[in-house]
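Taking it in order: structure first as C-alpha coordinates, then the write-up.
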Amino acid sequence: MNSSILTFPLDSEPMRLDLFLSRELPGETRAAVQRLIETGNVLVDGKQAKVSLKLKGAENISVEIPPLQVAEPLPEAIPLEVLYEDSDLIVINKQAGMVVHPGAGNSSGTLVNALLAHCTDLSGIGGELRPGIVHRLDKDTSGVLVAAKNDRSHQSLSSQFSVHSIKRIYQALVYGSPAEDTGKIEGIIGRHPTERLRQSGKARHGKHAVTRWRVKERYGRISLV
11 MNSSILTFPL DSEPMRLDLF LSRELPGETR AAVQRLIETG NVLVDGKQAK VSLKLKGAEN
71 ISVEIPPLQV AEPLPEAIPL EVLYEDSDLI VINKQAGMVV HPGAGNSSGT LVNALLAHCT
131 DLSGIGGELR PGIVHRLDKD TSGVLVAAKN DRSHQSLSSQ FSVHSIKRIY QALVYGSPAE
191 DTGKIEGIIG RHPTERLRQS GKARHGKHAV TRWRVKERYG RISLV
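Sequential numbering of the sequence shown, starting at 11, is according to this note's numbering.
Shown next, in the form of C-alpha coordinates:
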(Lines of atoms letter the chains of each structure in order from A and count residues from 1; the text may use other names and numbers.)
(Lines give C-alpha, C1' and ligand atoms only; values in the text may rest on other atoms or scores of the structure.)
Protein backbone atom coordinates (compact mmCIF):
# COMPACT_ATOMS: atom_id res chain seq x y z
CA MET A 1 0.00 0.00 0.00
CA ASN A 2 1.45 3.36 -1.09
CA SER A 3 0.55 6.24 1.24
CA SER A 4 0.73 9.99 0.59
CA ILE A 5 -0.13 12.97 2.79
CA LEU A 6 -0.76 16.29 1.05
CA THR A 7 -1.82 19.76 2.19
CA PHE A 8 -3.85 22.02 -0.06
CA PRO A 9 -2.09 25.43 -0.04
CA LEU A 10 -3.86 28.11 1.98
CA ASP A 11 -3.24 30.78 -0.66
CA SER A 12 -4.58 28.73 -3.60
CA GLU A 13 -7.82 29.28 -5.46
CA PRO A 14 -10.55 26.78 -4.48
CA MET A 15 -10.21 23.52 -6.42
CA ARG A 16 -12.04 20.22 -6.66
CA LEU A 17 -10.47 17.40 -4.69
CA ASP A 18 -10.17 15.04 -7.67
CA LEU A 19 -8.52 17.70 -9.84
CA PHE A 20 -5.99 18.61 -7.15
CA LEU A 21 -5.01 14.98 -6.55
CA SER A 22 -4.72 14.18 -10.26
CA ARG A 23 -2.19 17.03 -10.54
CA GLU A 24 -0.24 16.08 -7.43
CA LEU A 25 -0.05 12.28 -7.76
CA PRO A 26 2.37 11.30 -10.55
CA GLY A 27 0.99 8.62 -12.85
CA GLU A 28 -2.59 8.80 -11.52
CA THR A 29 -5.28 9.91 -13.96
CA ARG A 30 -8.31 11.89 -12.85
CA ALA A 31 -10.51 8.81 -13.35
CA ALA A 32 -8.16 6.72 -11.18
CA VAL A 33 -8.22 9.41 -8.48
CA GLN A 34 -12.01 9.46 -8.54
CA ARG A 35 -12.07 5.68 -7.97
CA LEU A 36 -9.73 6.09 -4.99
CA ILE A 37 -12.04 8.70 -3.48
CA GLU A 38 -15.18 6.63 -4.11
CA THR A 39 -13.64 3.53 -2.49
CA GLY A 40 -12.70 5.41 0.67
CA ASN A 41 -8.95 5.53 0.05
CA VAL A 42 -8.86 9.33 0.37
CA LEU A 43 -9.47 11.18 3.65
CA VAL A 44 -9.73 14.96 4.02
CA ASP A 45 -8.98 16.11 7.55
CA GLY A 46 -9.54 12.53 8.69
CA LYS A 47 -12.94 12.10 7.03
CA GLN A 48 -14.10 10.43 3.83
CA ALA A 49 -14.88 12.93 1.11
CA LYS A 50 -16.84 13.23 -2.10
CA VAL A 51 -15.22 13.50 -5.51
CA SER A 52 -16.71 16.97 -5.99
CA LEU A 53 -15.48 18.39 -2.67
CA LYS A 54 -14.11 21.92 -3.09
CA LEU A 55 -10.81 22.45 -1.29
CA LYS A 56 -10.53 25.96 0.16
CA GLY A 57 -7.13 25.92 1.86
CA ALA A 58 -5.06 24.18 4.54
CA GLU A 59 -6.90 20.83 4.26
CA ASN A 60 -4.79 17.77 5.08
CA ILE A 61 -5.39 14.98 2.59
CA SER A 62 -4.26 11.39 3.09
CA VAL A 63 -4.25 8.99 0.14
CA GLU A 64 -3.85 5.20 0.20
CA ILE A 65 -3.07 3.68 -3.19
CA PRO A 66 -3.56 -0.11 -3.24
CA PRO A 67 -0.85 -2.15 -4.98
CA LEU A 68 -1.50 -2.52 -8.68
CA GLN A 69 -2.58 -5.99 -9.70
CA VAL A 70 -1.27 -6.48 -13.20
CA ALA A 71 -1.71 -9.68 -15.17
CA GLU A 72 1.17 -11.08 -17.20
CA PRO A 73 0.70 -10.05 -20.86
CA LEU A 74 -0.70 -12.72 -23.16
CA PRO A 75 0.21 -13.39 -26.80
CA GLU A 76 -2.18 -11.75 -29.26
CA ALA A 77 -2.28 -12.31 -33.02
CA ILE A 78 -1.79 -8.67 -33.98
CA PRO A 79 -0.26 -8.01 -37.43
CA LEU A 80 3.29 -6.67 -37.35
CA GLU A 81 5.43 -5.08 -40.04
CA VAL A 82 8.76 -6.85 -39.52
CA LEU A 83 11.74 -5.01 -41.04
CA TYR A 84 14.41 -7.45 -39.85
CA GLU A 85 14.60 -10.54 -37.67
CA ASP A 86 17.22 -13.06 -36.56
CA SER A 87 17.79 -15.33 -33.56
CA ASP A 88 18.80 -12.40 -31.31
CA LEU A 89 16.52 -9.50 -32.17
CA ILE A 90 13.55 -8.29 -34.15
CA VAL A 91 13.04 -4.88 -35.76
CA ILE A 92 9.47 -3.62 -36.14
CA ASN A 93 7.87 -0.66 -37.89
CA LYS A 94 5.50 0.35 -35.09
CA GLN A 95 2.28 1.96 -36.24
CA ALA A 96 0.89 5.13 -34.67
CA GLY A 97 -1.79 4.40 -32.09
CA MET A 98 -0.12 1.28 -30.68
CA VAL A 99 1.14 1.27 -27.08
CA VAL A 100 4.53 -0.44 -26.67
CA HIS A 101 3.92 -2.35 -23.42
CA PRO A 102 1.01 -3.03 -21.04
CA GLY A 103 0.28 -0.54 -18.29
CA ALA A 104 -2.58 1.17 -16.52
CA GLY A 105 -5.49 1.30 -18.97
CA ASN A 106 -3.64 -0.75 -21.61
CA SER A 107 -3.61 -4.41 -20.61
CA SER A 108 -3.90 -5.75 -24.16
CA GLY A 109 -3.42 -4.75 -27.78
CA THR A 110 0.15 -3.61 -27.17
CA LEU A 111 3.31 -4.28 -29.14
CA VAL A 112 4.46 -6.67 -26.40
CA ASN A 113 1.30 -8.74 -26.85
CA ALA A 114 1.96 -8.90 -30.58
CA LEU A 115 5.65 -9.78 -30.12
CA LEU A 116 4.85 -12.60 -27.71
CA ALA A 117 2.62 -14.18 -30.36
CA HIS A 118 5.14 -13.66 -33.15
CA CYS A 119 8.35 -14.61 -31.32
CA THR A 120 6.97 -17.01 -28.68
CA ASP A 121 9.75 -15.96 -26.28
CA LEU A 122 11.56 -12.70 -25.52
CA SER A 123 14.30 -11.44 -23.20
CA GLY A 124 13.21 -11.51 -19.56
CA ILE A 125 15.37 -8.59 -18.43
CA GLY A 126 12.59 -6.06 -19.01
CA GLY A 127 10.33 -7.82 -16.49
CA GLU A 128 6.91 -9.37 -16.96
CA LEU A 129 5.35 -6.29 -18.54
CA ARG A 130 8.23 -5.27 -20.81
CA PRO A 131 9.85 -8.47 -22.10
CA GLY A 132 12.41 -7.72 -24.78
CA ILE A 133 11.79 -3.97 -24.72
CA VAL A 134 15.00 -1.91 -24.75
CA HIS A 135 13.53 1.44 -25.85
CA ARG A 136 10.12 2.97 -26.47
CA LEU A 137 8.14 5.03 -28.90
CA ASP A 138 5.14 7.03 -27.70
CA LYS A 139 1.69 5.69 -28.54
CA ASP A 140 1.05 8.24 -31.29
CA THR A 141 4.56 7.96 -32.77
CA SER A 142 5.23 5.58 -35.65
CA GLY A 143 8.68 4.27 -36.53
CA VAL A 144 11.40 1.68 -36.10
CA LEU A 145 11.61 -0.20 -32.78
CA VAL A 146 14.00 -3.00 -31.91
CA ALA A 147 13.25 -5.74 -29.35
CA ALA A 148 15.60 -8.34 -27.85
CA LYS A 149 14.88 -12.06 -28.08
CA ASN A 150 17.35 -13.11 -25.40
CA ASP A 151 19.14 -11.64 -22.39
CA ARG A 152 22.49 -11.36 -24.15
CA SER A 153 21.13 -9.18 -26.96
CA HIS A 154 19.05 -7.20 -24.43
CA GLN A 155 22.17 -6.29 -22.45
CA SER A 156 24.08 -5.38 -25.61
CA LEU A 157 21.31 -3.21 -27.05
CA SER A 158 20.64 -1.49 -23.71
CA SER A 159 24.34 -0.65 -23.44
CA GLN A 160 24.35 0.87 -26.94
CA PHE A 161 21.32 3.04 -26.14
CA SER A 162 22.92 4.06 -22.84
CA VAL A 163 26.11 5.38 -24.47
CA HIS A 164 24.17 6.85 -27.43
CA SER A 165 26.00 4.80 -30.03
CA ILE A 166 22.61 4.13 -31.64
CA LYS A 167 21.44 7.16 -33.57
CA ARG A 168 17.73 8.01 -33.47
CA ILE A 169 16.16 10.31 -36.06
CA TYR A 170 12.57 11.58 -35.81
CA GLN A 171 10.49 13.34 -38.46
CA ALA A 172 7.58 15.61 -37.58
CA LEU A 173 5.23 18.04 -39.27
CA VAL A 174 5.21 21.28 -37.29
CA TYR A 175 3.11 24.42 -37.56
CA GLY A 176 5.11 27.38 -38.77
CA SER A 177 8.25 27.94 -40.80
CA PRO A 178 11.51 28.23 -38.82
CA ALA A 179 13.68 31.21 -39.72
CA GLU A 180 16.75 28.98 -39.93
CA ASP A 181 17.24 25.70 -41.79
CA THR A 182 19.03 24.00 -38.88
CA GLY A 183 19.34 24.45 -35.15
CA LYS A 184 19.83 22.90 -31.74
CA ILE A 185 17.55 22.77 -28.70
CA GLU A 186 19.32 22.10 -25.42
CA GLY A 187 17.93 22.07 -21.90
CA ILE A 188 16.63 20.14 -18.92
CA ILE A 189 13.59 17.88 -19.32
CA GLY A 190 11.72 17.00 -16.13
CA ARG A 191 8.33 16.95 -14.47
CA HIS A 192 6.27 20.11 -15.02
CA PRO A 193 6.36 22.29 -11.86
CA THR A 194 2.55 22.52 -11.56
CA GLU A 195 1.06 19.95 -13.97
CA ARG A 196 2.63 16.85 -12.49
CA LEU A 197 1.54 14.47 -15.26
CA ARG A 198 3.45 16.41 -17.93
CA GLN A 199 7.12 16.63 -18.82
CA SER A 200 8.47 20.11 -19.43
CA GLY A 201 11.52 22.09 -20.44
CA LYS A 202 10.79 24.48 -17.56
CA ALA A 203 11.70 21.97 -14.86
CA ARG A 204 14.45 22.86 -12.39
CA HIS A 205 15.62 19.27 -12.09
CA GLY A 206 15.64 16.55 -14.73
CA LYS A 207 17.70 15.05 -17.52
CA HIS A 208 19.92 17.02 -19.84
CA ALA A 209 18.56 16.77 -23.38
CA VAL A 210 19.91 17.87 -26.77
CA THR A 211 17.84 17.88 -29.96
CA ARG A 212 19.39 18.87 -33.27
CA TRP A 213 16.86 19.73 -35.96
CA ARG A 214 16.87 20.37 -39.69
CA VAL A 215 14.11 21.55 -42.00
CA LYS A 216 13.57 19.01 -44.79
CA GLU A 217 10.63 20.63 -46.58
CA ARG A 218 8.53 23.76 -46.23
CA TYR A 219 4.84 23.70 -47.13
CA GLY A 220 3.66 27.25 -46.49
CA ARG A 221 2.67 27.38 -42.82
CA ILE A 222 3.69 23.75 -42.25
CA SER A 223 7.27 22.42 -42.13
CA LEU A 224 8.71 18.92 -42.18
CA VAL A 225 11.61 18.75 -39.73
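Built from N, CA and C at the ideal position, the CB exists for glycine as well.
In the same chain as Ile-71, and ignoring 5 residues on each side of it, the C-beta atoms closer than 6 Å to its own belong to Leu-16, Val-54, in chain order. Annotated three-state conformation of Glu-23 is coil, per DSSP.
With 16 or more neighbouring CB atoms inside 10 Å of its own CB, Gly-142 falls in the buried class. The alpha carbon of Leu-20 has as its nearest neighbour, out of Gly-50, Glu-69, Ala-124, Ser-62, the alpha carbon of Glu-69.
Inside the stretch 30-56, DSSP marks whole beta strand (DSSP E) runs of 3 or more residues at positions 52-54, from first to last along the chain. Under the three-state reduction of DSSP, Ala-219 is assigned to strand. Remark: C-beta atoms of Ala-124 and Ile-179 do not approach each other more closely than 7 Å.
The Cβ atoms of Glu-74 and Asn-51 sit closer than 7 Å to each other. Counting along the chain, Leu-93 sits inside the beta strand (DSSP E) bounded by residues 92-95. One Cα belongs to Gly-230, the other to Val-184, and the distance between them is close to 11 Å. Looking only at His-174, Gly-119, Met-25, the smallest Cα-Cα distance to Val-144 is reached by His-174. Ser-168 and Asp-96 have their alpha carbons spaced roughly 18 Å apart.
Beyond the five residues adjoining it in sequence on each side, Glu-86 comes within less than 8 Å, by CB distance, of Ser-118, Gly-119, Asn-123, Ala-124, Leu-126, Ala-127 in the same chain, given in chain order.
In the DSSP assignment, Lys-194 forms a beta bridge with Arg-222. Residue state for Ala-158 is assigned as strand, using DSSP reduced to three classes. Glu-48 is the residue among Lys-66, Glu-48, Ala-106 whose C-alpha sits nearest the C-alpha of Ala-59. Per DSSP, reduced to three states, the secondary structure at Gln-181 is coil, with no helix or strand assignment. Per DSSP, the beta-bridge partners of Arg-201 are Gln-209. For Leu-147, there is no enclosing beta strand (DSSP E), since its DSSP letter is neither H nor E. In terms of CA proximity to Gln-181, Thr-151 leads the group Asp-161, Ile-199, Thr-151. Judged by their CB atoms, Ser-187 and Arg-228 are nearer to each other than the 7 Å cut-off.
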